Amino acid sequence: MTEVQLPAAFIRQMQALLGMEDAQQFLNSFLAPRAYGLRFNPLKTESVPASAAALEQPFHLTPVPWCNTGYYYDEEARPGKHPYHSAGLYYIQEPSAMSAAELLDAQPGETILDFAAAPGGKTTHIAGCMQGQGLLIANEIHPARAKILSENVERIGIRNAVATNCAPHELSAKFIAFFDRIMLDAPCSGEGMFRKDADAVGEWSEEHVHYCAQRQADILEHAAIMLKPGGKLVYSTCTFNREENETTIEQFVASHPEFSVERTERIWPHLALGEGHFVAVLFKSNEPSNGSFAESTDRDKSKRRDRDKKGSRASSLQAEMELFHSFAKQSLPGFNLQAGEALRFGDALYWLPHDREGRFSAASLDGIKVARAGLHLGDIRKNRLEPAHALAMAVKADTAAWVQSYSADSPEIAAYLRGETLPAEPRLSGWGLVAVDGYPLGWAKASGGQLKNHLPKGLRRFS
Ligand code: SAM
Numbered sequence: 149m150t151e152v153q154l155p156a157a158f159i160r161q162m163q164a165l166l167g168m169e170d171a172q173q174f175l176n177s178f179l180a181p182r183a184y185g186l187r188f189n190p191l192k193t194e195s196v197p198a199s200a201a202a203l204e205q206p207f208h209l210t211p212v213p214w215c216n217t218g219y220y221y222d223e224e225a226r227p228g229k230h231p232y233h234s235a236g237l238y239y240i241q242e243p244s245a246m247s248a249a250e251l252l253d254a255q256p257g258e259t260i261l262d263f264a265a266a267p268g269g270k271t272t273h274i275a276g277c278m279q280g281q282g283l284l285i286a287n288e289i290h291p292a293r294a295k296i297l298s299e300n301v302e303r304i305g306i307r308n309a310v311a312t313n314c315a316p317h318e319l320s321a322k323f324i325a326f327f328d329r330i331m332l333d334a335p336c337s338g339e340g341m342f343r344k345d346a347d348a349v350g351e352w353s354e355e356h357v358h359y360c361a362q363r364q365a366d367i368l369e370h371a372a373i374m375l376k377p378g379g380k381l382v383y384s385t386c387t388f389n390r391e392e393n394e395t396t397i398e399q400f401v402a403s404h405p406e407f408s409v410e411r412t413e414r415i416w417p418h419l420a421l422g423e424g425h426f427v428a429v430l431f432k433s434n435e436p437s438n439g440s441f442a443e444s445t446d447r448d449k450s451k452r453r454d455r456d457k458k459g460s461r462a463s464s465l466q467a468e469m470e471l472f473h474s475f476a477k478q479s480l481p482g483f484n485l486q487a488g489e490a491l492r493f494g495d496a497l498y499w500l501p502h503d504r505e506g507r508f509s510a511a512s513l514d515g516i517k518v519a520r521a522g523l524h525l526g527d528i529r530k531n532r533l534e535p536a537h538a539l540a541m542a543v544k545a546d547t548a549a550w551v552q553s554y555s556a557d558s559p560e561i562a563a564y565l566r567g568e569t570l571p572a573e574p575r576l577s578g579w580g581l582v583a584v585d586g587y588p589l590g591w592a593k594a595s596g597g598q599l600k601n602h603l604p605k606g607l608r609r610f611s
């Protein structure tokens, strides 16, 4: 891309923001090749440095300075085509976008919202920090994008995430003073996308910047309602103008004295290897500034009453859970469920994670659209349970009754990913896992010296 293709008003904006000299360096960065990044998934890889060392040669990995699980890779490496990608060992993410979830600093056991989550870069990063403990709600307003988010939650093997498909006001009506931390990676004018997406340039205008700033202010109001006193809010964008960044945050804090800004950070494409990002870290004071805390306590009581009513709903799933336990006893003997409850959507049986304070349950989801209600355990087929792909992705290989593991470049892995039947030792029977170098790729059912392939059709790859 050349400088002349950028809108004149954008160039003027950057000259006003950076000064003529720095703006020229900034604009020159649009002529440089873009940086590519991936982030290792600590839910799968026992040691990120060891995994990185294994892939260092084929992918030419070098560390991203602001994210200890992040690495740059060579454009030609195509890590999205590697079987390790199917196994969820890493998530491909623009390097500067890795800064926001690092600053959120999610902890195991907390209750966290990723408010604008698709396709799932920050969600998968946060989930790695949570180590499967606590509750992560990953929300996306657009249904098609919520589906992609849900697929990434599955591939990365996240057990404790609920993917919702809600507008901001629908969530804030339910979850008042509820979250320990909120990530708001806001929809923005996308100036940091110009180098990788020509459409973003065409969509840019000063009016669009104003519109985005207004929308960000609106979404922030809902985030403010949902954050607990003492909680942390991280706001980020991939755009450069002040209006959607510092000004949005200054105006928000001016009208919400209970919030303070701990720090703001920018990654600039002419100063670092990345497309650019803005991050603001805010804290909400412990003093309840309005009626929201008392109101939320009342709501909690009514939610608990609702949940007690739902008890009957959960106990009516006892039969389904018995099918699951009998499957697990036979085929996944090392597997344990964490605090949660069973939920059924059609034939699909889910395990909904609970939060540590006992405020979240199936009743909390009443009236909101859910793309993934926690860990998909399996589908009920007459009197048996067929295990879900999500379950294969969320377990370690050594929890299964048997595992057939092959090396990444083996013909068996290519055949499995194409959906083909594999030969098996005659002693194997029943459900087990096919793995790449010990990392589960999906289920297979062994009988008569063959492994019947249960990789979902939509995930099969023919090239
Ligand atoms: N956090 C994501 C990640 O790391 O992969 C990227 C999120 S993207 C910057 C912003 C998201 O906000 C988009 O998925 C978009 O669909 C969503 N969005 C658009 N309009 C919105 C609105 N009015 N309220 C909430 N989210 C919105």
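FYI, this note's numbering numbers position 192 of the sequence shown as 340, with every residue one higher than the one before it. Glycine residues also receive a C-beta, built at the ideal position from the N, C-alpha and C atoms. The model shown is predicted, which means the values in this text are computed figures rather than measured ones.
Q: Please work out which residues of its chain come closer than 6 Å, Cβ to Cβ, to H404, disregarding the five sequence neighbours upstream and downstream, and give them in chain order.
A: Only A372 meet the Cβ criterion.
Q) With burial defined as no fewer than 16 other Cβ atoms inside 10 Å of the residue's Cβ, what is the status of H317: buried or exposed? A) Classification of H317: exposed, given that the 10 Å Cβ count is below 16.
(Q) Do I274 and I260 have their beta-carbon atoms positioned less than 8 Å apart in this structure? (A) In contact: I260 and I274 (Cβ atoms closer than 8 Å).
Q: May I ask which residues mark the beginning and end of the alpha helix (DSSP H) holding V301?
A: Following the DSSP letters along the chain, one finds V301 inside the alpha helix (DSSP H) bounded by residues 291-304.
Q. For the candidate residues R303, P211, A266, whose alpha-carbon lies nearest to that of H524?
A. The residue with the shortest Cα to Cα distance from H524 is R303.
Q. Where W499 and T395 are concerned, what is the direct C-alpha to C-alpha distance, given to the nearest angstrom?
A. So the two alpha carbons sit approximately 42 Å from each other.
Q | Enclosing alpha helix (DSSP H) for N176 [first to last residue] | A | Run containing N176: 168-176, per the alpha helix (DSSP H) assignment.
Q: May I have a chain-ordered list of the alpha helix (DSSP H) segments no shorter than 4 residues that lie completely inside the stretch 497-580?
A: If only complete runs of 4 or more residues are kept, the stretch 497-580 shows the alpha helix (DSSP H) at 537-542, 559-565, in order along the chain.
Q: Say yes only if the C-beta of D333 is nearer than 7 Å to one or more non-hydrogen atoms of the ligand SAM, and no if none qualify.
A: Yes, the ligand SAM has a heavy atom inside 7 Å of this Cβ.
Q) Hey, is the stretch 221-234 in contact with the stretch 266-280, meaning 3+ C-beta pairs nearer than 8 Å? A) Touching, no, given that fewer than three Cβ pairs across the two stretches are closer than 8 Å.
**Q.** T272 vs G340 beta-carbon contact at 8 Å
**A.** Taking 8 Å as the Cβ cut-off, T272 and G340 do not qualify as a contacting pair.
Q. Which of the three DSSP states, helix, strand or coil, is assigned to T217?
A. For T217, the three-state secondary structure derived from DSSP is coil.
Q.
Tell me the rounded alpha-carbon separation between R329 and Q255.
A. For R329 and Q255, the distance between alpha carbons rounds to 9 Å.
Q) For F342, which residues of its own chain have a beta-carbon under 6 Å away from its beta-carbon, when the five flanking residues on both sides are left out? A) Closer than 6 Å at the Cβ level, and outside the excluded window around F342, lie A348, V349.
Q) Helix, strand or coil: which one does DSSP assign to V131? A) Because the chain in this structure spans residues 149 to 611, residue 131 falls outside the shown range and cannot be described.
Q.
Can you tell me whether Y383 is buried or exposed? The criterion is at least 16 other CB atoms within 10 Å of its CB, across all chains shown.
A. The residue is buried, with at least 16 neighbouring Cβ atoms inside 10 Å.
**Q.** With 16 other Cβ atoms within 10 Å as the buried cut-off, status of M162
**A.** Buried.
Q: Below 8 Å on the Cβ atoms is my guess for T385 versus A334; work out the distance and round it to an integer in Å.
A: Taking 8 Å as the upper bound for CB-CB distance, T385 and A334 are in contact here, some 5 Å apart.
**Q.** Nearest-angstrom Cα separation, counted from N287 out to S460
**A.** Confidence is the limiting factor: at S460 the pLDDT is only 39, short of 50, which leaves the residue's position unreliable, though a coordinate-based value still follows. Straight through space, the alpha carbons of N287 and S460 are spaced by roughly 28 Å.
Q: Give every residue of the same chain whose Cβ lies closer than 8 Å to the Cβ of G522, excluding the five residues on either side of it in the sequence, and list them in chain order.
A: If we look at G522 and ignore the five residues flanking it on each side, its Cβ neighbours are R307, N308, A309, V310, G488, L491, Y498, W499, L500, P501.
Q. Can you name, in chain order, every residue of its own chain whose Cβ lies under 6 Å from the Cβ of V427, other than the five neighbours on each side?
A. Residues of the same chain with a CB within less than 6 Å of the CB of V427, apart from the 5 flanking positions on each side, are S247, A248, L251, S384, E413 in chain order.
Q.
Could you check whether G567 and L533 sit closer than 8 Å to each other, using their CB atoms as the reference points?
A. Judged by their CB atoms, L533 and G567 are not nearer to each other than the 8 Å cut-off.
Q: Just the C-alpha distance for R609 and K593, rounded to the nearest angstrom, thanks.
A: Going from the Cα of R609 to the Cα of K593 covers about 20 Å.
Q. For the 8 Å Cβ check, are there 3 or more pairs between the stretch 207-226 and the stretch 161-177?
A. No, because fewer than three Cβ pairs between the stretch 207-226 and the stretch 161-177 fall closer than 8 Å, the two stretches do not touch.
Q.
Comparing C-alpha positions only, which one of V551, E242, L319, F407 sits nearest to I415?
A. Between I415 and the set V551, E242, L319, F407, the nearest pair of CA atoms involves E242.
Q. Can we count R329 as close to the ligand SAM, meaning its CB is less than 7 Å from some heavy atom?
A. Not so, every heavy atom of the ligand SAM lies at least 7 Å from the Cβ.
Q. Under the criterion of a Cβ to heavy atom distance below 7 Å, does G107 qualify as lining the ligand SAM?
A. Nothing in the structure corresponds to residue 107, since the chain is present only between 149 and 611.
Q) For the ligand SAM, is there a heavy atom less than 7 Å away from the beta-carbon of G228? A) No, Cβ of G228 sits at least 7 Å from all heavy atoms of the ligand SAM.
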